[in-house]
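Residue numbers (our numbering), protein chains in the order written: chain E, 1 to 331; chain A, 1001 to 1331; chain G, 2001 to 2331; chain V, 3001 to 3093; chain F, 4001 to 4093; chain S, 5001 to 5093.
Every residue, glycine too, gets a C-beta built ideally from N, C-alpha and C.
Treat the numbers as computed from the prediction; the structure is a model and nothing was measured.
Worksheet for the structure shown next.
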Ligand SMILES: Nc1ncnc2c1ncn2[C@@H]1O[C@H](COP(=O)(O)O)[C@@H](O)[C@H]1O
Ligand SMILES: Nc1ncnc2c1ncn2[C@@H]1O[C@H](COP(=O)(O)O)[C@@H](O)[C@H]1O
Ligand SMILES: Nc1ncnc2c1ncn2[C@@H]1O[C@H](COP(=O)(O)O)[C@@H](O)[C@H]1O
Ligand code: NA
Ligand code: NA
Ligand code: NA
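This is how it looks when you write it as structure tokens:
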């Protein structure tokens, strides 16, 4: 049954365009999406999911399920990096372990978006408030990562490397992408409440265009991820294994928590995807600044070069299979 | 009643995205829309309002009201800079006064667009020919600015600074943005007459997408304006007061003229907004070239750093209030 | 009757925007579409026609007419460059002749797109499989061009200039634009077969937006072509005559072949346009690399500076006239 | 051989390149979308969407005699509109 | 007169420019979206969409005394975050 | 220490960077989307949408011995495809 879901996932335009990008690199085609076009699509997608999430949050209100789910999501982004850290410490030093752990505690918005498209394709319902979970899971993992460095780093760490909490918190909360996502969520929320005609007029931009823009962006992500993969291979088999096993493990924990929260299958999948995905946006930027001892090629290449493609292609349908298995249908 | 209108204006997506951009700068988020993406949105908006204006101009034809209104608009762009000039001369030299005066005689297309969205939101009718007024008001103020320099500048002005009228007229009329707007107006006009199916096929691009693209562009404008504001503060309180009082004064004159022209409330508001807004596109480019003695930070920062945000947030609803007060409803 | 068709062609938004770009250069307006925005539109158009072509190819299947037409198209791209070569040899050396010949054997996707819009405007049916012909005609002419160099070049050609077939084939088949077009065709084909809801969700992006994006891109093409024209004038009257006569001649051959293939008028026009148009994308890139003796300003300026505008404005309607004359209507 | 670096508003790019061509520059390299700060204030990427644009950075490698001709052609433009120019030593590879 | 070339991650651009201003640089030119390779590995255009960005290349023409002040201000940033700086001779046009 | 400036079509960027890596360059900086004019004619931003692209400007700071190795690796590429290279003096900050 999972193979069926995988096939259904793979034969959708977003995933096919992702492959098109990957294959371009493998065949050494000179196809490339020049900067800053990827940024345009990235901003567009964040703005659009934020706005749509805000609209639906206005509809659903802040009922107990919303609060519980978002709260649980934040907890996950605090707990998962700690687990990751101890697994990584088996082979890596404190700095690299903490930086990678932070990436895996945080989330990937594009993976989330692809999971939403997957659900829409299967006509499975999910709620807009999950976007709030997405937005709020980006930053906490950064803080945990830095606390891990603070408490586990060798005493000899140079004073110049002392953690400047203010600038870190700033970096974590006010990173451009996180800020745009949260801001658009607010705007969607306010617009839904006060200006219904504004909602309607945004719809062609934020709604109709979304799927195509997602395809275009995944084409670029395919190129970028495929270019990253060789760097991961150089990093050795431990990190390769980690980049696949860790998402599966995090997903499993995610499924259990989703079951406890009594989420429907759609919300459950999104919750699991948040747990299983790893950040290559806000986290690397913060880690580079605060843990310069960690190799950026490690934390970026694991998250972007392997975990991301794995999730897009196999992860999402596999997690759906897990959700279907562990969470009894009711809708 | 005005506070009501202000609130209704502020709670629409375009204005909220403008705030989002402003707040990003205030909080020192690293959100920025990299070049040339703002140019993409700017060109798109000019192309789309030009095209739509052309369509409607074809519908309405060149009746007496169209001719009168457009003629009055051009007159305003010739008279207002002279008034501004004498007010500015109180504190500033001839060069700076003329350059700033030219900016305030000219218009801001984005302010106009935001006013159109405001009217649509309130379901108030306006006519496409107002776009023609917009297009034709951009350049004349530049000529007036230069005439002011020519006649008021000290005799000692270096010969090398002699006004080269040919290149100035060229700059004023054939500035890329002005040219694109006027060209798109023509194309809309011709298409509506000869190719109705072309009109329909343009609609998803120029019509449906417009509101979202406006939001995205205003996000960037929020960032840009907020970065400009500190420069205005340095320029001193006279220019700060000018950047708010002058639009109000120009708006008042605009309302009176609109009343004389017997414009409906929608067209009246757009007319007033044209009078009250200041240019930060064609005019600065022309002034830099021909009045190098003027400080560009003055004329850009007043127009972009204060008058623009003021108009977007407060000006438009306040002017609507003025229109409602002085022009008796009839529609 | 042809003048009627020409007028009908000229008064559509895409062609009018093309003129707007051209006139901007003539009047020396500073309007320019900064890089990489033209690339964005170029990629978008390739992705969209590829995807739509793939959908329709899924519908039509690979019947004998599809195979025959696509096969004939490939043959044209092998034969036409040889004819061009011998004509060019009258005045030019082997290297320049071969490079220009390759350009004219290959195709221009934007000309094809404009021809599709022209047909849609006249409500004349055409088939999606013609996009497959477009995609497959891009590369073979490159190979022919190089074979011409190989067999006709003076014995004295330096060894260092020996043709490295592997990298050439790579360049020819895996050029970014060709790759994106063919890839999108595949994706459209697969999506239509396996994911009908994906097709529907792509529609606003690849379908509705297309016409507007085409206009924007043609605005840029107008600028680029007009800037190229002076370089062509410098190249002399032989190349100027060639750039207009050759497309007409190739079109005539195209009409005859289309008649033999019993194509309907829509498909026939597209077939003719493929024959008559010349490449300024994949071919110049390949020629620069493999025939450095040829002047790039020759092969780019003829294809882009004259043949392209000629086809967009006059060629397409003239070819339609030829099709109407030589191919008896039946639809 | 000399290297000339010119930095100025890209609105003057066309006239500057004409001045270089007229002065006999054997070639030049142009970097657009450059920002910076100088005697006339700061130029930032933000303003590129207005038609004021950003700076252009033009590099010319040429012989000393040509440099002297270029100097003459280039100075009036820098004096009128602002912008800076610097010379250093270089040799062909 | 001296020419200073600094190349480093554009995330440090603001603090670097502040360091230059504080050191009394008479001006500077900034080229963004620059890529490259150095002791800390390669920086590619691909990653610009993440908020890691690319490199910035900053050029300062200044007198020798100012250069010494700039050196002091700039070194700690390059040491902490990576990036390189090189000095050469130049003279105003 | 030496500074090497290479300017050539960005279609050759990959092979040029490989040549530099092979020659032992300690690092390099790449500016893409550069235009200009040289013996082989003008390269303009207009043509970037075709796959011909624009120029790339590559800067290498390295020691003299390495420069000699780079020279050997780089020359064949410049000779075949066009492009220019210039050397000047520099010292680390
Ligand atoms: N000392 C300097 N070092 C490097 N670049 C400079 C310097 N002075 C000016 N510039 C550049 O030249 C541009 C134009 O200068 P200006 O218009 O004279 O203020 C500035 O925006 C800077 O990019
Ligand atoms: N030897 C060099 N020559 C030219 N550019 C260099 C050199 N070393 C480093 N760079 C540039 O400086 C950037 C930062 O270097 P890094 O110290 O690796 O962070 C690199 O990405 C290159 O763009
Ligand atoms: N004398 C020069 N000074 C500065 N840049 C040059 C010079 N000659 C050539 N270039 C640059 O090198 C590129 C390639 O030159 P070419 O040999 O014509 O292919 C040109 O497009 C220019 O950007
Ligand atoms: Na996660
Ligand atoms: Na005004
Ligand atoms: Na052809």
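contact_flag[the region 2179-2194 of chain G, the region 5057-5065 of chain S] where n(CB pairs < 8 angstroms) is 3 or more:
No, the region 2179-2194 of chain G is not in contact with the region 5057-5065 of chain S.
Does any CB atom of chain E fall closer than 8 angstroms to the CB of residue 2191 (chain G)?
Your numbering for residue 2191 (chain G) matches position 191 in the third chain. Chain E contact via Cβ: present.
Could you tell me which uninterrupted alpha helix (DSSP H) segments, each at least 4 residues in length, are contained entirely in the region 5011-5052 of chain S, listed from first to last along the chain?
DSSP runs (the alpha helix (DSSP H)) wholly in the region 5011-5052 of chain S: 5013-5023.
Any beta-carbon of chain F closer than 8 angstroms to the one on residue 5036 (chain S)?
Start at 1 with the first residue of the sixth chain, and residue 5036 (chain S) comes out as number 36. It does not; no Cβ of chain F falls within 8 angstroms.
Does the pairing of the region 298-306 of chain E with the region 135-152 of chain E give three or more beta-carbon distances under 8 angstroms?
No, the region 298-306 of chain E does not touch the region 135-152 of chain E.
Keeping to the same chain, check which residues put their C-beta closer than 7 angstroms to that of residue 2124 (chain G); ignore five residues upstream and five downstream.
For the purposes of this step, residue 2124 (chain G) is identified with residue 124 of the third chain, where counting begins at 1. Around residue 2124 (chain G): 2265, 2266.
For the 8 angstroms Cβ check, are there 3 or more pairs between the region 1008-1026 of chain A and the region 1209-1220 of chain A?
Enough Cβ pairs lie closer than 8 angstroms, so yes.
What is the DSSP secondary structure of residue 4104 (chain F), counted as helix, strand or coil?
This structure cannot speak to residue 4104 (chain F), because chain F is shown only from 4001 to 4093.
Run the proximity test for residue 4027 (chain F): is its beta-carbon closer than 7 angstroms to any non-hydrogen atom belonging to ligand 1?
Reading the fifth chain from its first residue, position 27 is the one you call residue 4027 (chain F). It does: the Cβ of residue 4027 (chain F) is within 7 angstroms (strictly closer) of some heavy atom of ligand 1.
What residues from the region 197-216 of chain E come within 8 angstroms of chain A, judged by C-beta to C-beta, listed N to C?
Closer than 8 angstroms at the C-beta level to chain A, one finds these residues of the region 197-216 of chain E: 197, 198, 201, 202, 204, 205, 206, 208, 209.
Which residues does DSSP list as the beta-bridge partners of residue 212 (chain E)?
By one-based count along the first chain, residue 212 (chain E) stands at place 212. For residue 212 (chain E), which the question treats as bridged, DSSP gives no partner whatsoever.
Can you list, in chain order, the stretches of the alpha helix (DSSP H) that have 4 or more residues and sit fully within the region 143-195 of chain E?
Residue ranges of uninterrupted alpha helix (DSSP H) with 4 or more members, entirely inside the region 143-195 of chain E and ordered along the chain, are 165-174, 176-194.
Following a CB-centred definition, is residue 5039 (chain S) positioned closer than 7 angstroms to any heavy atom of ligand 3?
Taking the first residue of the sixth chain as 1, we reach residue 5039 (chain S) at position 39. It does: the Cβ of residue 5039 (chain S) is within 7 angstroms (strictly closer) of some heavy atom of ligand 3.
Output the distance between the C-alpha atoms of residue 2252 (chain G) and residue 2026 (chain G), rounded to the nearest integer angstrom.
What you label residue 2252 (chain G) is simply residue 252 of the third chain in a count that begins at 1. What you label residue 2026 (chain G) is simply residue 26 of the third chain in a count that begins at 1. One alpha carbon belongs to residue 2252 (chain G), the other to residue 2026 (chain G), and they sit about 32 angstroms apart.
In this structure, does DSSP put residue 5061 (chain S) in helix, strand or coil?
The residue labelled residue 5061 (chain S) in the question sits at position 61 within the sixth chain. Collapsing the DSSP output to three states places residue 5061 (chain S) in a strand.
Is it true that the region 1307-1325 of chain A meets the region 1247-1261 of chain A, where meeting means three or more beta-carbon pairs spaced less than 8 angstroms apart?
The region 1307-1325 of chain A is in contact with the region 1247-1261 of chain A.
Could you tell me whether the Cβ of residue 4075 (chain F) comes closer than 8 angstroms to any Cβ of chain E?
Here residue 4075 (chain F) refers to the residue found at position 75 when the fifth chain is read from its first residue. Chain E contact via Cβ: absent.
Name the DSSP beta bridge partners of residue 3088 (chain V), please?
As a first step, residue 3088 (chain V) must be located in the fourth chain, where it is residue number 88. DSSP lists V:3003 as partners of residue 3088 (chain V).
With 16 as the cutoff for other CB atoms within 10 Å, does residue 260 (chain E) come out buried or exposed?
Here residue 260 (chain E) refers to the residue found at position 260 of the first chain. The residue in question, residue 260 (chain E), is exposed, as its Cβ has fewer than 16 Cβ neighbours within 10 Å.
Skipping 5 residues on each side, what residues in its chain have a beta carbon closer than 8 angstroms to that of residue 4089 (chain F)?
If you number the fifth chain from 1, residue 4089 (chain F) lands on position 89. For residue 4089 (chain F), same chain residues with a beta-carbon under 8 angstroms away, outside a window of 5 residues either side, are 4001, 4002, 4003 in chain order.
Neighbourhood of residue 3077 (chain V) by C-beta, 8 angstroms cutoff - its chain only, sequence neighbours within 5 removed:
The residue labelled residue 3077 (chain V) in the question sits at position 77 within the fourth chain. Within the same chain, and ignoring the five residues on either side of residue 3077 (chain V) in sequence, the residues whose Cβ sits closer than 8 angstroms to its Cβ are 3008, 3012, 3015, 3016, 3019, 3083.
For residue 66 (chain E), which residues in the same chain have their Cβ closer than 7 angstroms to its Cβ, ignoring the five residues on either side in sequence?
Position 66 of the first chain, counting from 1, holds the residue named residue 66 (chain E). Excluding five sequence positions before and after residue 66 (chain E), the CB atoms of its chain that fall closer than 7 angstroms to its own CB belong to 60, 129, given in chain order.
Give the straight-line distance between the Cα atoms of residue 3054 (chain V) and residue 1048 (chain A), rounded to the nearest whole angstrom.
Locating residue 3054 (chain V) in the fourth chain gives position 54, where the first residue counts as 1. Locating residue 1048 (chain A) in the second chain gives position 48, where the first residue counts as 1. Roughly 26 angstroms separates the two Cα atoms.
By the three-class DSSP mapping on this structure, what secondary structure does residue 1098 (chain A) have?
Position 98 of the second chain, counted from the start, is the residue given in the question as residue 1098 (chain A). Three-state DSSP puts residue 1098 (chain A) in a helix.
State the start and end residues of the unbroken alpha helix (DSSP H) segment that holds residue 247 (chain E).
Working through the first chain from its first residue, we reach residue 247 (chain E) at position 247. Start and end: 237-260.
So is the beta-carbon of residue 5055 (chain S) under 7 angstroms away from any non-hydrogen atom of ligand 3?
Translated into the one-based positions of the sixth chain, residue 5055 (chain S) becomes position 55. At a cut-off of 7 angstroms, the beta-carbon of residue 5055 (chain S) counts as near ligand 3: some heavy atom of the ligand is closer than that.
Within its chain, find whatever has a CB closer than 8 angstroms to the CB of residue 1069 (chain A); leave out the 5 residues flanking it on each side and keep chain order.
The residue you call residue 1069 (chain A) lines up with position 69 of the second chain. Close CB contacts of residue 1069 (chain A) within its chain, under the 8 angstroms cut and outside five residues either way in sequence, are with 1129, 1130, 1133, 1261, 1263, 1267, 1271 (chain order).
Am I right that residue 1097 (chain A) and residue 174 (chain E) are in contact with their C-beta atoms under 8 angstroms? What's the rounded C-beta distance?
Residue 1097 (chain A) sits at position 97 when you count from the first residue of the second chain. Residue 174 (chain E) sits at position 174 when you count from the first residue of the first chain. Separation of the CB atoms of residue 1097 (chain A) and residue 174 (chain E) is rounded to 40 angstroms, and the pair is thereby denied contact status at 8 angstroms.
One question on the structure: do residue 1195 (chain A) and residue 195 (chain E) come within less than 8 angstroms of each other, judged by their Cβ atoms?
The residue given as residue 1195 (chain A) occupies position 195 in the second chain. The residue given as residue 195 (chain E) occupies position 195 in the first chain. Not a contact, by the Cβ cut-off of 8 angstroms.
Around the Cβ of residue 2234 (chain G), are there at least 16 other Cβ atoms within 10 angstroms (buried) or fewer (exposed)?
On the third chain, position 234 is the one that residue 2234 (chain G) refers to. Result: exposed.
Given a threshold of 16 other Cβ atoms within 10 Å of its Cβ, counted over all protein chains shown, does residue 9 (chain E) qualify as buried or as exposed?
Here residue 9 (chain E) refers to the residue found at position 9 of the first chain. By the beta-carbon neighbour count (other beta carbons within 10 angstroms, threshold 16), residue 9 (chain E) is buried.
Check this for me: beta carbons of residue 2209 (chain G) and residue 2046 (chain G), under 8 angstroms apart or not?
As a working note, residue 2209 (chain G) is residue 209 in the third chain. As a working note, residue 2046 (chain G) is residue 46 in the third chain. For residue 2209 (chain G) and residue 2046 (chain G), no; Cβs fall outside 8 angstroms.
Residues from the region 1163-1183 of chain A in contact with chain G, defined by Cβ distance under 9 angstroms:
Identification of residues in the region 1163-1183 of chain A having a C-beta nearer than 9 angstroms to some C-beta of chain G yields 1170, 1171, 1173, 1174, 1175, 1176, 1177, 1178, 1179, 1180, 1183, given in sequence order.
Report whether the distance from the Cβ of residue 2087 (chain G) to the nearest heavy atom of ligand 5 is below 7 angstroms.
Working through the third chain from its first residue, we reach residue 2087 (chain G) at position 87. No, Cβ of residue 2087 (chain G) sits at least 7 angstroms from all heavy atoms of ligand 5.
Please compile the residues from chain F whose C-beta is within a distance smaller than 7 angstroms of the C-beta of residue 3007 (chain V).
Your numbering for residue 3007 (chain V) matches position 7 in the fourth chain. In chain order: 4029.
Can you round the beta-carbon distance between residue 2083 (chain G) and residue 2140 (chain G) to whole angstroms, since I take them to be within the 8 angstroms contact cut?
Residue mapping note: residue 2083 (chain G) aligns to position 83 of the third chain, counting from 1. Residue mapping note: residue 2140 (chain G) aligns to position 140 of the third chain, counting from 1. Actually they are not in contact, since the Cβ atoms of residue 2083 (chain G) and residue 2140 (chain G) sit about 15 angstroms apart, beyond 8 angstroms.
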